[in-house]
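Peer 1:
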Amino acid sequence: MEITVMKSKLHGVSVTQAELDYIGSVTIDEDLMDAANLIENEQVHVLNKNNGERFITYVIKGERGSGVICLNGPAALLVKLGDVVIIISYATMDFEKAKSFRPWVIFPDIKTNKLK
Numbered sequence: 002m003e004i005t006v007m008k009s010k011l012h013g014v015s016v017t018q019a020e021l022d023y024i025g026s027v028t029i030d031e032d033l034m035d036a037a038n039l040i041e042n043e044q045v046h047v048l049n050k051n052n053g054e055r056f057i058t059y060v061i062k063g064e065r066g067s068g069v070i071c072l073n074g075p076a077a078l079l080v081k082l083g084d085v086v087i088i089i090s091y092a093t094m095d096f097e098k099a100k101s102f103r104p105w106v107i108f109p110d111i112k113t114n115k116l117k
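Position in the sequence shown (from 1) plus 1 gives the number in the working numbering.
This is the structure we're talking about:
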């Protein structure tokens, strides 16, 4: 049997940009992507702590060291600059393997989106 478990989480990053006129996605600083073991085009769930919105999109690589968290396309309507979001990815794996799997959980500085 296979189950879906949390693979990666950026717990508490601030939205730095929102670009409505874009195909869609979330742009994430490459340093944060590396720390959370996220890759470009990976599906993620975004949870907005300020307004309770939850949506699914995919990752676009942002400039390394920039602290960028930019919601693009329709998702831009679900955030305001400065909103705090949680970004989560999931993986499907064998049930027994999932019991010992440990996800990458990162707590960046919420004001700068930089690694502590």
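Idealized CB from N, CA, C, for every residue including glycine. Keep in mind the model is a prediction, meaning the values are calculated, not measured.
Looking at the structure shown, is Met2 part of a helix, part of a strand, or coil, going by DSSP?
Peer 2: The sequence position of residue 2 within the sequence shown is 1, counting from 1. Coil at Met2, not helix or strand.
Peer 1: Going by the CB atoms, is the gap between Leu116 and Val16 shorter than 8 angstroms?
Peer 2: The sequence position of residue 16 within the sequence shown is 15, counting from 1. The sequence position of residue 116 within the sequence shown is 115, counting from 1. No; because the gap between Cβ atoms is not below 8 angstroms, this pair is not in contact.
Peer 1: Find out if the Cβ-Cβ distance for the pair Leu33, Ser9 is shorter than 8 angstroms.
Peer 2: Numbered from its first residue, the sequence shown carries residue 33 at position 32. Numbered from its first residue, the sequence shown carries residue 9 at position 8. Contact: no.
Peer 1: Tell me the DSSP secondary structure of Ser15 in three-state form.
Peer 2: Residue mapping note: residue 15 aligns to position 14 of the sequence shown, counting from 1. Here Ser15 sits in strand by DSSP.
Peer 1: Between the Cα of Ile111 and the Cα atoms of Val14, Asp30, Ile87 and Ser90, which residue gives the shortest distance?
Peer 2: As a first step, residue 111 must be located in the sequence shown, where it is residue number 110. With distances taken between Cα atoms, Ile111 lies closest to Val14.
Peer 1: Would you say the segment 90 to 103 touches the segment 72 to 80, given that touching needs at least three Cβ pairs under 8 angstroms?
Peer 2: no
Peer 1: Exposed or buried, which one is Asp22 when buried takes at least 16 other CB atoms within 10 Å?
Peer 2: One-based indexing of the sequence shown puts residue 22 at position 21. Exposed.
Peer 1: I'd like the span of the alpha helix (DSSP H) that includes Ala77, first residue to last.
Peer 2: Position 76 of the sequence shown, counting from 1, holds the residue named residue 77. That residue, Ala77, is in no alpha helix (DSSP H); it is neither H nor E in DSSP.
Peer 1: When DSSP labels each residue in this structure, what does Asp95 get in the three-state scheme?
Peer 2: Residue 95 sits at position 94 when you count from the first residue of the sequence shown. Correct three-state label for Asp95: strand.
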